[in-house]
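J.: Dropping the structure in here first, questions after.
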Amino acid sequence: MILNSVIKFFIFILGFILSVVMISAQTEISGQVFNVDKKALAYVNISVKTSESATVTDKNGLFKLIFEKDPKTNDSIVFSTAGFVDKQISFQDLKENPNVILDQKQTDLNEIVVKSIKLNDKLIGEKKRPMLTFTKFFNQNTPTAEQGSVFQVYSTTKIKAYNFYIMPSSRFEELTLKLNIYSLKNGLPHQNLLTENIIYQTKTTGWQCIDFSNYRLLFKNEKEIAITLQLVDYKKLANEDFVFGVSAKKKLGQNLWYRYQSQGNWERATGQYIANIEVAYNKTPQEKEIATSTETLDNLDDEKAKEKLAIMKYKNEAQNSNFGRNKSGEFLVVKDAKIYYETYGEGPVLVLLHGNGGSITDFYKQIPFFEKHFKVIAIDTRGQGRSTNLSKQDYSYEGFADDLFEVVKQLNLSKIKIIGWSDGGNTGLIFAKNHPELIDKLVTIGANLYPEGVDESLLNEIKNDFENEDNTDDKRLLKLMLTQPKLKPEDLNLIKIPTLVVAGETDIIKKEHTDLIQKSLPTSELLIVKKAGHYVPFEQPKILNNEILKFLTK
Numbered sequence: 000m001i002l003n004s005v006i007k008f009f010i011f012i013l014g015f016i017l018s019v020v021m022i023s024a025q026t027e028i029s030g031q032v033f034n035v036d037k038k039a040l041a042y043v044n045i046s047v048k049t050s051e052s053a054t055v056t057d058k059n060g061l062f063k064l065i066f067e068k069d070p071k072t073n074d075s076i077v078f079s080t081a082g083f084v085d086k087q088i089s090f091q092d093l094k095e096n097p098n099v100i101l102d103q104k105q106t107d108l109n110e111i112v113v114k115s116i117k118l119n120d121k122l123i124g125e126k127k128r129p130m131l132t133f134t135k136f137f138n139q140n141t142p143t144a145e146q147g148s149v150f151q152v153y154s155t156t157k158i159k160a161y162n163f164y165i166m167p168s169s170r171f172e173e174l175t176l177k178l179n180i181y182s183l184k185n186g187l188p189h190q191n192l193l194t195e196n197i198i199y200q201t202k203t204t205g206w207q208c209i210d211f212s213n214y215r216l217l218f219k220n221e222k223e224i225a226i227t228l229q230l231v232d233y234k235k236l237a238n239e240d241f242v243f244g245v246s247a248k249k250k251l252g253q254n255l256w257y258r259y260q261s262q263g264n265w266e267r268a269t270g271q272y273i274a275n276i277e278v279a280y281n282k283t284p285q286e287k288e289i290a291t292s293t294e295t296l297d298n299l300d301d302e303k304a305k306e307k308l309a310i311m312k313y314k315n316e317a318q319n320s321n322f323g324r325n326k327s328g329e330f331l332v333v334k335d336a337k338i339y340y341e342t343y344g345e346g347p348v349l350v351l352l353h354g355n356g357g358s359i360t361d362f363y364k365q366i367p368f369f370e371k372h373f374k375v376i377a378i379d380t381r382g383q384g385r386s387t388n389l390s391k392q393d394y395s396y397e398g399f400a401d402d403l404f405e406v407v408k409q410l411n412l413s414k415i416k417i418i419g420w421s422d423g424g425n426t427g428l429i430f431a432k433n434h435p436e437l438i439d440k441l442v443t444i445g446a447n448l449y450p451e452g453v454d455e456s457l458l459n460e461i462k463n464d465f466e467n468e469d470n471t472d473d474k475r476l477l478k479l480m481l482t483q484p485k486l487k488p489e490d491l492n493l494i495k496i497p498t499l500v501v502a503g504e505t506d507i508i509k510k511e512h513t514d515l516i517q518k519s520l521p522t523s524e525l526l527i528v529k530k531a532g533h534y535v536p537f538e539q540p541k542i543l544n545n546e547i548l549k550f551l552t553k
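Quick note on numbering that gives the first Met the number 0: the sequence shown kicks off at 0 and runs consecutively.
Shown next, in the form of structure tokens:
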């Protein structure tokens with residue numbers, strides 16, 4: 000009894016010491032942001048490009064910025080808000096003087112002057128809330144996070160109001176939201192078009208209207224604009240958990256935009272906000288009319304549409320997980336890119352490589368399982384997820400494999416196991432061919448040797464998407480699938496490491512092609528997962544995880 004009490008006491012003391020050490024390891028900077036007239040600036044975004052540390056000033060311009068670890072010497076803390084020039088301050092300078100002054104932007108009024116012409120009224124977006132919706136939740140602890148959608152507009156467009164739908168089951172006393180409007184460049188939200196902050200408060204759920212009559216929101220020569228919302232402040236109901244979400248509809252296109260802070264990469268998900276803009280416009284004779292969006296999956300019987308709807312459900316679950324934006328995530332600098340990765344668990348190293356256009360979040364059903372057995376290192380491929388890409392060259396699986404080699408080298412990993420899904424499987428095969436000394440086991444899921452190994456209907460769909468895609472990065476990713484990989488069976492003959500080749504029963508990879516891959520690998524096994532297509536990790540995670548674990552541990 001006495002011994003147990005002593006042990007418990009020492010455990011308590013140890014826990015207390017560790018908590019003190021963790022708290023002391025944090026750095027906290029408190030300050031205030033002003034304009035040149037010494038007027039406090041409310042709701043200014045404050046963030047660091049390669050860090051989770053980010054915050055927003057309160058209504059009095061006050062901020063508190065907490066760093067789990069000090070930023071790198073070449074990283075600047077960026078202060079940004081509508082109508083003011085972004086300011087970059089070094090970590091050391093901010094510690095010495097946390098009171099920041101922002102310079103107001105000079106606005107060229109000639110750019111937004113429109114001759115006296117008659118403007119037509121129109122509503123662009125979702126007019127009503129369909130029966131089948133899902134919710135995009137806002138995290139009250141992340142006021143820098145933005146979520147929104149892209150709208151087509153005319154060459155001359157005055158935005159009169161923005162309407163959106165707060166899910167009825169939200170629980171709050173009051174919300175304070177910051178609205179942002181961006182131009183687009185290469186398909187991505189780019190420059191803030193506002194000259195001042197637009198702040199909206201509400202105490203109700205259901206349809207909301209942000210009236211722009213007090214703002215000059217007249218834009219010229221913008222084909223598309225992105226409108227996003229930030230939850231910058233809130234009051235919770237007494238004795239109830241805070242919940243706030245905006246309704247979205249299931250849609251085949253990816254028009255749900257998100258970034259965790261103002262210096263973060265934009266991420267896209269399938270679906271469309273239940274939102275619309277009221278506009279007055281004038282169009283040139285060459286411009287087409289913009290149709291109100293009507294494409295939903297509510298009443299589709301087509302099997303492919305149903306499959307896409309199910310995948311969207313998994314994608315939304317993945318986006319709402321903590322994977323892919325964990326505070327412990329790290330960046331590594333490789334040639335022309337910064338590669339983002341997250342580490343979980345202890346033991347032999349297991350690297351996870353996602354598919355085309357995906358991210359670490361796609362392994363949300365695998366990471367919790369495998370971290371119990373391995374040290375899991377999940378990687379965002381360059382130009383995807385939170386990894387950046389500065390190169391203008393075409394993407395290639397050889398290049399992705401080179402990035403992986405740099406990660407392995409910089410992390411001083413002697414031997415790794417790989418699970419590669421789709422494009423990640425292709426990268427895994429090339430890495431195993433080029434660096435056999437660094438890998439002891441490989442799992443490929445839905446990999447292919449060349450584009451013709453994929454179902455023709457999908458290739459035609461990719462070709463169509465490629466022809467109609469404006470975003471440069473997305474276009475390069477589509478081109479990658481149309482032109483690569485360029486592997487031959489004899490290339491696989493050189494890979495002597497044990498390999499598990501996995502595909503779904505109804506995979507978009509042709510069955511004979513999967514068989515060819517397995518037969519070309521000297522020491523390989525084949526696993527065809529029933530009741531699954533190309534998205535086996537989503538559709539049959541229990542079966543897949545257990546079978547992979549057996550293979551990796553035997």
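Yeah, the Cβ is synthetic: ideal placement off N, Cα and C, and Gly gets one too.
Bear in mind the structure is a predicted one, so any value in this text is a computation, not a measurement.
Could you have a look at ILE198 and say whether DSSP puts it in helix, strand or coil?
T.: Position 199 of the sequence shown, counted from the start, is the residue given in the question as residue 198. In this structure, ILE198 counts as strand in the three-state DSSP scheme.
J.: Alpha carbon to alpha carbon, what distance is there between LEU178 and LEU499?
T.: As a first step, residue 499 must be located in the sequence shown, where it is residue number 500. As a first step, residue 178 must be located in the sequence shown, where it is residue number 179. Their backbone Cα atoms lie some 49 Å apart in a straight line.
J.: Does the distance from the C-beta atom of SER358 to that of GLY382 stay below 8 Å?
T.: Along the sequence shown, one-based indexing puts residue 358 at 359. Along the sequence shown, one-based indexing puts residue 382 at 383. It is not a contact, given that the beta carbons lie outside the stated cut-off.
J.: For THR360, which beta-bridge partners are listed by DSSP?
T.: Taking the first residue of the sequence shown as position 1, residue 360 is located at position 361. None; THR360 has no bridge partner.
J.: Give the secondary structure of PRO435 by DSSP, where H, G and I count as helix, E and B as strand, and everything else as coil.
T.: If you number the sequence shown from 1, residue 435 lands on position 436. PRO435 falls in the helix class under three-state DSSP.
J.: What does DSSP give as the partner residues of ASP210 in its beta bridges?
T.: In the sequence shown, residue 210 corresponds to position 211, counting from 1. In DSSP, ASP210 forms a bridge with ALA160.
J.: To test your reading of the DSSP string, which unbroken alpha helix (DSSP H) runs of 4 or more residues are found completely within the stretch 335 to 415?
T.: Whole alpha helix (DSSP H) segments, 4+ residues: 366 to 369 and 396 to 409.
J.: First and last residue of the beta strand (DSSP E) that includes LYS38?
T.: Translated into positions along the sequence shown, residue 38 becomes position 39. Per DSSP, LYS38 belongs to no beta strand (DSSP E) and is neither H nor E.
J.: By how many angstroms is the C-alpha of TYR449 removed from the C-alpha of LEU486?
T.: Counted from its first residue, the sequence shown places residue 486 at position 487. Counted from its first residue, the sequence shown places residue 449 at position 450. For LEU486 and TYR449, the distance between alpha carbons rounds to 6 Å.
J.: Could you pull the DSSP bridge partners for THR498 from this structure?
T.: Position 499 of the sequence shown, counting from 1, holds the residue named residue 498. In the DSSP output, where bridge partners are listed per residue, THR498 has LEU441 and SER523.
J.: Please report how far the alpha carbon of SER154 lies from the alpha carbon of THR134, in whole angstroms.
T.: Against the sequence shown, residue 154 aligns to sequence position 155. Against the sequence shown, residue 134 aligns to sequence position 135. Approximately 32 Å, taken between the alpha carbons.
J.: How big is the Cα-Cα spacing for ASN196 and ALA81?
T.: Taking the first residue of the sequence shown as 1, we reach residue 196 at position 197. Taking the first residue of the sequence shown as 1, we reach residue 81 at position 82. Whole-angstrom Cα-Cα distance: 5 Å.
J.: With DSSP as the reference, label HIS512 as helix, strand or coil.
T.: Working through the sequence shown from its first residue, we reach residue 512 at position 513. HIS512: helix per DSSP, three-state reduction.
J.: Please report the straight-line C-alpha distance between ILE547 and ALA39, rounded to a whole angstrom.
T.: If you number the sequence shown from 1, residue 547 lands on position 548. If you number the sequence shown from 1, residue 39 lands on position 40. Those two C-alpha atoms are separated by around 57 Å.
J.: How many Å lie between LEU352 and ILE418 at the Cα?
T.: Within the sequence shown, residue 352 is the residue found at index 353, counting from 1. Within the sequence shown, residue 418 is the residue found at index 419, counting from 1. Their Cα atoms are separated by approximately 6 Å.
J.: According to DSSP, simplified to helix, strand and coil, what is THR269?
T.: Position 270 of the sequence shown, counted from the start, is the residue given in the question as residue 269. If DSSP states are grouped into helix, strand and coil, THR269 belongs with coil.
J.: Taking the C-alpha atoms as reference points, what is the distance between THR54 and ASN96?
T.: Working through the sequence shown from its first residue, we reach residue 54 at position 55. Working through the sequence shown from its first residue, we reach residue 96 at position 97. Taking the straight line from one Cα to the other gives about 17 Å.
J.: Taking one C-beta from the stretch 338 to 348 and one from the stretch 371 to 391 each time, how about it: are there three or more such pairs within less than 8 Å?
T.: Contact holds: three or more Cβ-Cβ distances are below 8 Å.
J.: Count the C-beta pairs between the stretch 184 to 193 and the stretch 244 to 254 that are closer than 8 Å, then say yes if the count reaches three, no if not.
T.: No contact exists between the stretch 184 to 193 and the stretch 244 to 254.
J.: May I ask you to verify whether the stretch 142 to 153 touches the stretch 198 to 209, counting CB pairs closer than 8 Å and requiring at least 3?
T.: In short, these stretches do not touch, since the Cβ pair count stays below three.
J.: Skipping 5 residues on each side, what residues in its chain have a beta carbon closer than 7 Å to that of SER182?
T.: As a first step, residue 182 is located in the sequence shown; it is residue number 183 there, counting from the start. Counting only Cβ-Cβ distances below 7 Å, and skipping sequence neighbours, we find HIS189, GLN190, LEU192, GLU221 and ILE224.
J.: What number of angstroms, rounded off, separates the C-alpha of GLY384 from the C-alpha of TRP420?
T.: For this step, residue 384 is matched to residue 385 along the sequence shown. For this step, residue 420 is matched to residue 421 along the sequence shown. Taking the straight line from one Cα to the other gives about 15 Å.
J.: What does a CB cutoff of less than 8 Å around PRO536 pick up in its chain, not counting 5 residues either side in sequence?
T.: Position 537 of the sequence shown, counted from the start, is the residue given in the question as residue 536. The residues are ASP361, PHE362, LYS364, GLN365, TRP420, ILE444 and LEU543.
J.: From what residue to what residue does the beta strand (DSSP E) around ARG170 run?
T.: Within the sequence shown, the letter at position 171 stands for residue 170. Taken as a continuous stretch (DSSP letters only), ARG170 belongs to no beta strand (DSSP E), as it is neither H nor E.
J.: Starting from the C-beta of ASP379, find all residues in its chain whose C-beta is less than 6 Å away, skip the five residues before and the five after it, and write them out in chain order.
T.: Indexing the sequence shown from 1 puts residue 379 at position 380. Once the five neighbours on either side are set aside, the close Cβ partners of ASP379 are TYR339, SER358, ILE359, ARG385 and SER386.
J.: Within its chain, find whatever has a CB closer than 7 Å to the CB of GLU397; leave out the 5 residues flanking it on each side and keep chain order.
T.: Position 398 of the sequence shown holds residue 397. Within the same chain, GLU397 has close Cβ partners ILE429.
J.: VAL99 by DSSP, collapsed to three states: which one?
T.: Translated into the one-based positions of the sequence shown, residue 99 becomes position 100. If DSSP states are grouped into helix, strand and coil, VAL99 belongs with the strands.
J.: Pull the bridge partners of ASN545 from the DSSP assignment, please.
T.: Working through the sequence shown from its first residue, we reach residue 545 at position 546. None, per the DSSP bridge assignment.
J.: What does LYS248 pair with, by DSSP beta-bridge criteria?
T.: Position 249 of the sequence shown, counting from 1, holds the residue named residue 248. Bridge partners of LYS248: THR132 and GLN271.
J.: Does LYS462 come out as helix, strand or coil in the three-state DSSP assignment?
T.: What you label residue 462 is simply residue 463 of the sequence shown in a count that begins at 1. Helix at LYS462.
J.: Can you name the residues that DSSP bridges to ILE310?
T.: On the sequence shown, residue 310 is found 311 positions in, with the first residue counted as 1. Partner(s): none; ILE310 has no beta bridge.
J.: Helix, strand or coil, according to DSSP, for LYS219 in the structure here?
T.: The residue you call residue 219 lines up with position 220 of the sequence shown. DSSP places LYS219 in strand when its eight states are reduced to three.
J.: Since VAL333 is in the beta strand (DSSP E), which residue starts that stretch and which ends it?
T.: Taking the sequence shown and counting its residues from 1, one reaches residue 333 at position 334. 329 to 333 is the span of the beta strand (DSSP E), which, as asked, contains VAL333.
J.: DSSP state of LYS487, grouped into three classes?
T.: Within the sequence shown, residue 487 is the residue found at index 488, counting from 1. Reduced to three states, the DSSP call for LYS487 is coil.
J.: May I ask you to report which of helix, strand or coil DSSP gives PHE550?
T.: Walking along the sequence shown from the start, residue 550 turns up at place 551. Of the three classes helix, strand and coil, the one that applies to PHE550 here is helix, per DSSP.
J.: What's the C-alpha gap between ALA317 and TYR343?
T.: By one-based count along the sequence shown, residue 317 stands at place 318. By one-based count along the sequence shown, residue 343 stands at place 344. The straight-line gap from Cα to Cα measures roughly 17 Å.
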